[in-house]
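K.L.:
After the structure tokens below, expect a handful of questions from me.
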Amino acid sequence: MSCMQGNIIRVVCCLFTATIAFFVPFFGLISGLIGALGSSFLAFILPVIFHLKLFHRTLSWWVIAKDVIILLFGSAALIVGTIFAVRDIINALI
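The sequence shown begins at 31 in the working numbering and counts up by one.
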């Protein structure tokens, strides 16, 4: 992909997002909910699952324990972030 094509795709994505934000009420709250779900899942949960799945035969017990702690932290962040995001959406609707 050329530099010009990449710039065109970026501009189209920005315009698309701005259009949705203009027409959808509470767009910030909805994007917060998506962020709470997606970022915790992508940053904490998936890497640990991939690491355990790919290297489980060669990992020592303390590396597995570290992965489990990160998995628990990521799961807690996902749950707490989702609860607060849903609460904010409900409060905005009331």
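By construction, the Cβ of each residue, glycine as well, lies at the ideal position given by its N, Cα and C atoms.
Bear in mind the structure is a predicted one, so any value in this text is a computation, not a measurement.
Which of the three DSSP states, helix, strand or coil, is assigned to R87?
P.N.:
Coil, per DSSP.
K.L.:
Could you pull out every unbroken alpha helix (DSSP H) segment of at least 4 residues lying fully inside the stretch 64-121, listed in chain order?
P.N.:
Segments of the alpha helix (DSSP H) lying fully in the stretch 64-121: 76-85.
K.L.:
Should the stretch 59-71 be called in touch with the stretch 110-124, which here means at least 3 C-beta pairs below 8 Å?
P.N.:
The stretch 59-71, when compared against the stretch 110-124, does touch it at the 8 Å Cβ threshold.
K.L.:
Given that a residue counts as buried once 16 or more other Cβ atoms are within 10 Å of its Cβ, and exposed if not, what is F80?
P.N.:
Looking at its Cβ environment, which holds fewer than 16 other Cβ atoms inside 10 Å, F80 is exposed.
K.L.:
Give me the Cα-Cα distance between S69 and V78, rounded to the nearest whole angstrom.
P.N.:
If I take the Cα positions, the gap works out to 14 Å.
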